[in-house]
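Colleague: Would you mind keeping the following structure in view while I ask a few things?
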Amino acid sequence: MAIPPKLRKISEIISSFKGGIPASQDISEELNANENTFNINSSIEPIWTDKDFSINKPESSNGNYNNINFNAFIDGVQRSAIVYWLTLKNSGVIIPIIMGHIGAGITIRRNKKLVVNNEFVKDRILLLLPLEGLIRAGLDIKNTVKEWEESGLIIRETKIMENPTEGFENDDDPPIILCDTTFTKIYRTEDEEKDRIENAFNDIGEGKYTPLLIGDNLYDINKIKSRAQGRINVLRQILEMYVLYKYRINNHNDYILVDGPLYFIGKWLKSDNMGDFEKESSILKNCVGFVKSLKGKPKDVNLLQKILYLKDSEYTDLMYFEDVIDIYGKENELDHFKKPHITTFLRFNIPKEFSVPSSLGLVRIDLHLSTLGAENLEHIKYYKDETKNKMDKIINAVRRERFPGVVQIGRSFSETYPIKETEIMLHSRLYSTLEMKYLYYLLKK
59 MAIPPKLRKI
69 SEIISSFKGG
79 IPASQDISEE
89 LNANENTFNI
99 NSSIEPIWTD
109 KDFSINKPES
119 SNGNYNNINF
129 NAFIDGVQRS
139 AIVYWLTLKN
149 SGVIIPIIMG
159 HIGAGITIRR
169 NKKLVVNNEF
179 VKDRILLLLP
189 LEGLIRAGLD
199 IKNTVKEWEE
209 SGLIIRETKI
219 MENPTEGFEN
229 DDDPPIILCD
239 TTFTKIYRTE
249 DEEKDRIENA
259 FNDIGEGKYT
269 PLLIGDNLYD
279 INKIKSRAQG
289 RINVLRQILE
299 MYVLYKYRIN
309 NHNDYILVDG
319 PLYFIGKWLK
329 SDNMGDFEKE
339 SSILKNCVGF
349 VKSLKGKPKD
359 VNLLQKILYL
369 KDSEYTDLMY
379 FEDVIDIYGK
389 ENELDHFKKP
399 HITTFLRFNI
409 PKEFSVPSSL
419 GLVRIDLHLS
429 TLGAENLEHI
439 KYYKDETKNK
449 MDKIINAVRR
459 ERFPGVVQIG
469 RSFSETYPIK
479 ETEIMLHSRL
489 YSTLEMKYLY
499 YLLKK
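Going by our numbering, the first residue of the sequence shown is number 59, and it counts up by one from there.
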């Protein structure tokens with residue numbers, strides 16, 4: 059049986075870790091993200107404060123030639139499994155090494171049908187472990203990792219974050235993305251890593267807590283797995299934005315429905331002719347983020363009651379936020395947008411005989427300022443009626459994607475048909491957890 063090249067690469071890397079055992083089917087598992095609702099404090103707050111926070115419901119837009127319609131749909135998928143258990147000789151602690159597979163792609167609507175262009179479909183393999191923590195615990199692997207990097211076998215996650223448009227460019231023989239989950243922050247330099255490690259050991263010496271996976275924290279297998287899952291999630295979001303960037307090169311004004319928040323940072327796009335906000339506008343204008351996992355709650359928790367009491371097709375007054383939310387865990391440091399993003403909560407779809415309060419069918423709509431014709435928040439505050447009229451059209455465009463309905467346990471009332479079809483297409487490109495566990499047999503040879 060021929061061994062897939064990507065699995066062979068992962069096998070080559072893992073074989074360098076001596077003194078461990080492969081994760082057999084009996085002790086390995088797929089990592090599943092726990093989707094919690096409103097469990098992160100965020101900076102979301104209302105734009106207009108001159109009257110009570112209001113609830114809106116757009117009028118029907120059937121037959122209106124000014125309707126907004128989506129031309130493309132973006133989704134991302136991920137799958138992960140423990141593929142190796144590494145035993146540290148000095149302490150006896152057993153560390154899970156995790157393989158992740160992420161994919162992102164676009165389906166395009168042409169003549170009322172969804173089509174796929176492989177140019178806008180990408181996938182990458184990740185290998186995740188608390189590398190620096192293991193090295194500090196006595197694992198002799200540092201020079202080997204450097205050789206992998208120099209040979210092009212791996213690329214570090216920090217390089218991806220510096221410039222995703224370069225980091226994800228190579229499709230012919232893409233390197234494995236090596237993720238060091240020792241650290242909570244994915245944006246970091248080598249100097250910052252050294253400072254963080256030094257400060258962490260100082261904290262440990264003073265009996266203080268450190269979130270870094272070093273020392274006794276390496277015994278916390280659940281935290282190692284959770285950190286890896288969060289890192290996979292972040293890199294999947296970055297891959298989605300890279301695919302969006304590729305699509306935008308020749309499709310500047312299309313309306314695009316994005317599954318999840320809009321996480322494109324201006325500094326990723328290398329251009330001397332534009333500032334960061336202009337760069338973000340060139341990619342995110344007319345993109346609508348469709349956020350189903352509502353982790354970030356408004357600053358004023360009293361607004362939650364109004365959100366949870368939304369009825370069918372109702373949406374809240376517009377709000378804004380300045381921090382990247384929804385894709386990071388509680389312990390991670392948030393990135394900041396150059397300028398605020400705009401958001402609203404919408405009751406996308408509900409079953410018959412539905413009663414509130416509930417989070418069922420509740421989604422958050424994420425917009426860049428440029429989609430509302432604004433360069434700053436003051437513009438939106440001043441042109442309130444104009445902004446609300448544009449928002450009604452966007453909400454109606456989103457609502458039209460409720461049909462045909464989606465049958466999916468837990469997502470039936472907060473999923474669109476085009477996004478679901480995109481997800482099915484992307485999942486077909488990923489290795490199954492069973493294939494990931496096949497590494498066990500490769501390593502036995």
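Heads up, the beta-carbon is just placed ideally off N, CA and C, and yes, glycines get one too.
(1) Hey, how far is the Cα of Lys388 from the Cα of Ala258?
(2) Which parts of the stretch 372 to 456 are runs of the alpha helix (DSSP H), unbroken and 4 residues or longer, counting only runs that do not cross its ends?
(3) Taking the straight line between their C-alpha atoms, what separation do you get for Pro476 and Lys266?
(4) Would you report the Cα separation of Ile408 and Thr429, rounded to the nearest angstrom?
(5) Rounded to the nearest angstrom, how far is the Cβ of Arg289 from that of Thr239, given a contact under 8 Å?
(6) Which residue from Gln295, Gly161, Asn275, Ile155 puts its Cα closest to that of Ser73?
(7) Taking the beta carbon of Ile71 as the centre, do at least 16 other beta carbons fall within 10 Å, making it buried, or is it exposed?
(8) Which class does Leu197 belong to by DSSP, given the choice of helix, strand or coil?
(9) Assuming the contact rule is C-beta atoms closer than 8 Å, Ile218 and Pro188 should be a hit. Round their C-beta distance to whole Å, please.
(10) What does a CB cutoff of less than 6 Å around Asp210 pick up in its chain, not counting 5 residues either side in sequence?
(11) Can you tell me which of the three DSSP states Glu88 falls into?
(12) Looking only at its own chain, which residues have a Cβ that is under 6 Å from the Cβ of Thr460, when we skip the five neighbours before and after it?
(13) Helix, strand or coil for Val173, going by three-state DSSP, please let me know.
(14) Short check: CB of Ile282 to CB of Asp274, under 9 Å?
(15) Given a threshold of 16 other Cβ atoms within 10 Å of its Cβ, counted over all protein chains shown, does Lys67 qualify as buried or as exposed?
(16) Give the DSSP-derived three-state secondary structure of Val316 in the structure shown.
(17) One question on the structure: do Asn127 and Tyr313 come within less than 9 Å of each other, judged by their Cβ atoms?
(18) Can you tell me whether Lys350 is buried or exposed? The criterion is at least 16 other CB atoms within 10 Å of its CB, across all chains shown.
(19) Three or more beta-carbon pairs under 8 Å between the stretch 178 to 192 and the stretch 157 to 164, yes or no?
(20) I'd like to know whether the C-beta atoms of Ile132 and Val316 end up nearer to each other than 9 Å.
(21) Rank Trp326, Leu404, Val346, Lys252 by C-alpha distance to the C-alpha of Leu368 and give the top, closest one.
(22) Quick test of your reading: Leu425 and Val346, contact by CB under 8 Å. State the CB separation rounded to the nearest angstrom.
Modeller: Well, looking at it:
(1) In this predicted model, Lys388 has a pLDDT of only 44, less than 50, meaning its place in the structure is not dependable; the value taken from the coordinates is given anyway. Approximately 18 Å between the Cα atoms of the pair.
(2) Runs of the alpha helix (DSSP H) inside the stretch 372 to 456: 435 to 440.
(3) Pairing Pro476 with Lys266, the inter-Cα distance amounts to about 49 Å.
(4) So the two alpha carbons sit approximately 27 Å from each other.
(5) At roughly 6 Å, the Cβ-Cβ gap stays under 8 Å, so Arg289 and Thr239 are in contact.
(6) Taking Ser73 as reference, the option from Gln295, Gly161, Asn275, Ile155 with the minimal CA-CA separation is Ile155.
(7) Buried is the call here.
(8) Here DSSP, grouped into helix, strand and coil, assigns Leu197 to coil.
(9) With a Cβ gap of about 18 Å, Ile218 and Pro188 do not count as contacting.
(10) Position check: residue 210 holds Gly in this sequence, whereas Asp was assumed. Hits under 6 Å: Pro233.
(11) Bear in mind that the predicted position of Glu88 carries a pLDDT of just 39, short of 50, making it too unreliable to give a figure here.
(12) This sequence places Arg at residue 460; Thr is not what is there. Excluding sequence positions up to five before and after Arg460, its CB lies within less than 6 Å of the CB of Asn407, all in the same chain and listed in chain order.
(13) Val173 falls in the strand class under three-state DSSP.
(14) For Ile282 and Asp274, no; Cβs fall outside 9 Å.
(15) With 16 or more other CB atoms across the displayed protein chains lying within 10 angstroms of its CB, Lys67 is buried.
(16) In the structure shown, Val316 adopts extended strand secondary structure according to DSSP, grouped into three states.
(17) Yes, the Cβ-Cβ distance between Asn127 and Tyr313 is below 9 Å.
(18) In summary, Lys350 is buried, with 16 or more beta-carbon neighbours lying within 10 Å of its beta-carbon over all protein chains present.
(19) Enough Cβ pairs lie closer than 8 Å, so yes.
(20) Going by C-beta atoms, Ile132 is nearer than 9 Å to Val316.
(21) In terms of Cα proximity to Leu368, the closest of Trp326, Leu404, Val346, Lys252 is Leu404.
(22) That belief holds up - the Cβ atoms of Leu425 and Val346 are roughly 6 Å apart, short of 8 Å.
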